[in-house]
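Asks: Numbering (my numbering), first residue to last: 987 to 1217. Ideal Cβ placement from N, Cα and C applies to all residues, glycine included.
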């Protein structure tokens, strides 16, 4: 139990060393230290000074009121309290700061702390991330609309660059498509092998056979016993 000072009883300033009697007195009365924090109301507690024999009436310290707790819990150092705010293209300075920091590659946690340090709105890191995504989407849509409105400003000399750009992208897509097609028919061959319980055909053979049966070519040959199916 915390020691009491002489100032409490005699007006002095020298601290009285704990003797252990205080705890025993409280224990005999069915009182322990935890009782000082469980009640909101003050209560008289009889107390006898073991050195002087004098009796005193102590006030039990009540726990903080609920209103005090609510006030303390709502106090957060720095920044302005966050309030619901729409995402618009004509953004305010706080959103502008988020955009600037995120475009520089900073993490959400860093941006949230930076806003608080600068006395701006107080966001959690996850809120910064979701707001940045919505801001970016709104800005991209606005930019696309602006560019569509300027379609009439297309210049003839830009057509050559357009065609060259399409050609370069087509080449890339064709290379990627070739790889995907090869993988597709390799997977088809693997599935077919599991169905017929035998690894018999390659992916290319499956592709050719499928193309032929699709147009009825192999079906006609097999009917006469001259196709692969009739061998």
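(1) State whether the region 1071-1091 contacts the region 1118-1137, with contact taken as three or more CB pairs (one from each stretch) at a distance under 8 Å.
(2) Determine contact between the region 1092-1103 and the region 1131-1150, defined as no fewer than three beta-carbon pairs at a distance below 8 Å.
(3) Consult DSSP for residue 1182 and reduce its assignment to one of helix, strand or coil.
(4) Determine the closest residue to residue 1108 out of 1145, 1084, 1133, with distance taken between C-alpha atoms.
(5) Using the C-alpha atoms, what's the distance from residue 1189 back to residue 1196?
(6) DSSP has residue 1066 in a bridge; who is on the other side?
(7) Would you decide whether residue 1101 is buried or exposed? Buried here means 16 or more other CB atoms lie within 10 Å of its CB.
(8) Go ahead and label residue 1201 buried or exposed: buried means 16 or more other beta carbons lie within 10 angstroms of its beta carbon, across all protein chains shown.
(9) Exposed or buried, what is residue 1087 when buried is set at 16 or more other beta-carbons lying within 10 Å of its beta-carbon?
(10) Write down every uninterrupted run of the alpha helix (DSSP H) in the region 1110-1153 whose length is 4 residues or greater and which is fully enclosed by it, in chain order.
(11) Between the C-alpha atoms of residue 1144 and residue 1134, what's the straight-line distance to the nearest angstrom?
(12) In this structure, does DSSP put residue 1083 in helix, strand or coil?
(13) For residue 1114, is the classification buried or exposed, using 16 other Cβ atoms within 10 angstroms of its Cβ as the cut-off for buried?
(14) Does the separation of the CB atoms of residue 1172 and residue 1185 fall below 9 Å?
(15) Can you tell me the Cα-Cα spacing of residue 1089 and residue 1166, whole angstroms?
(16) Taking Cβ positions only, does residue 1096 come closer than 9 Å to chain B?
(17) Measuring CA to CA, which of 1066, 1194, 1091 is closest to residue 1103?
(18) Rounded to whole angstroms, what's the CA-CA distance from residue 1154 to residue 1106? Just pull it up for me.
(19) Expressed to the nearest angstrom, what Euclidean distance is found between the alpha-carbon atoms of residue 1191 and residue 1177?
(20) Work out the CA separation of residue 1142 and residue 1148 for me, nearest whole Å.
(21) In this structure, how does DSSP classify residue 1071 when only helix, strand and coil are distinguished?
(22) Smallest Cα separation from residue 1092: which of 1183, 1128, 1111?
(23) Taking buried to mean at least 16 other C-beta atoms within 10 Å of its own C-beta, is residue 1026 buried or exposed?
(24) Measure the alpha-carbon distance for residue 1218 versus residue 1129 and round it to whole angstroms.
Replies: Working from what's here:
(1) yes
(2) no
(3) Here residue 1182 refers to the residue found at position 196 of the chain shown. Three-state result, residue 1182: helix.
(4) Counted from its first residue, the chain shown places residue 1108 at position 122. Of the candidates 1145, 1084, 1133, the one whose C-alpha sits nearest the C-alpha of residue 1108 is 1084.
(5) Reading the chain shown from its first residue, position 210 is the one you call residue 1196. Reading the chain shown from its first residue, position 203 is the one you call residue 1189. When rounded, the distance between both Cα atoms is 11 Å.
(6) Position 80 of the chain shown holds residue 1066. Beta-bridge pairing links residue 1066 to 1107.
(7) Residue 1101 sits at position 115 when you count from the first residue of the chain shown. In this structure residue 1101 is buried. Its beta-carbon is surrounded by 16 or more other beta-carbon atoms within 10 angstroms.
(8) Sequence index remark: in the chain shown, residue 1201 carries index 215 (1-based). Exposed, because fewer than 16 other Cβ atoms sit within 10 Å of the Cβ of residue 1201.
(9) Your numbering for residue 1087 matches position 101 in the chain shown. When all chains shown are included, residue 1087 counts as buried.
(10) 1111-1135
(11) Start at 1 with the first residue of the chain shown, and residue 1144 comes out as number 158. Start at 1 with the first residue of the chain shown, and residue 1134 comes out as number 148. C-alpha separation (whole angstroms): 16 Å.
(12) Residue mapping note: residue 1083 aligns to position 97 of the chain shown, counting from 1. DSSP places residue 1083 in helix when its eight states are reduced to three.
(13) Counted from its first residue, the chain shown places residue 1114 at position 128. It is buried - the Cβ of residue 1114 has at least 16 other Cβ atoms within 10 Å.
(14) On the chain shown, position 186 is the one that residue 1172 refers to. On the chain shown, position 199 is the one that residue 1185 refers to. No, they are not a contact pair.
(15) The residue given as residue 1089 occupies position 103 in the chain shown. The residue given as residue 1166 occupies position 180 in the chain shown. C-alpha separation (whole angstroms): 34 Å.
(16) Reference to chain B is not applicable here, since this structure consists of a single protein chain.
(17) For the purposes of this step, residue 1103 is identified with residue 117 of the chain shown, where counting begins at 1. If we check each option's Cα against that of residue 1103, 1066 comes out closest.
(18) As a first step, residue 1154 is located in the chain shown; it is residue number 168 there, counting from the start. As a first step, residue 1106 is located in the chain shown; it is residue number 120 there, counting from the start. Rounded to whole angstroms, residue 1154 to residue 1106 spans 46 Å at the Cα level.
(19) For the purposes of this step, residue 1191 is identified with residue 205 of the chain shown, where counting begins at 1. For the purposes of this step, residue 1177 is identified with residue 191 of the chain shown, where counting begins at 1. Rounded to the nearest angstrom, the two C-alpha atoms are 14 Å apart.
(20) Within the chain shown, residue 1148 is the residue found at index 162, counting from 1. Within the chain shown, residue 1142 is the residue found at index 156, counting from 1. Using only the alpha carbons, I get a separation of about 10 Å.
(21) To locate residue 1071, count along the chain shown from 1; it is residue 85. Looking at residue 1071 - three-state DSSP - the assignment turns out to be coil, as it is neither helix nor strand.
(22) As a working note, residue 1092 is residue 106 in the chain shown. Of 1183, 1128, 1111, the residue nearest in Cα terms is 1111.
(23) As a position in the chain shown, residue 1026 is number 40, starting the count at 1. Residue confidence for residue 1026 is low, a pLDDT of 35 falling below 50, so the modelled location carries little weight and cannot support an answer.
(24) Any property of residue 1218 remains undetermined from this structure, which presents the chain solely from 987 to 1217.
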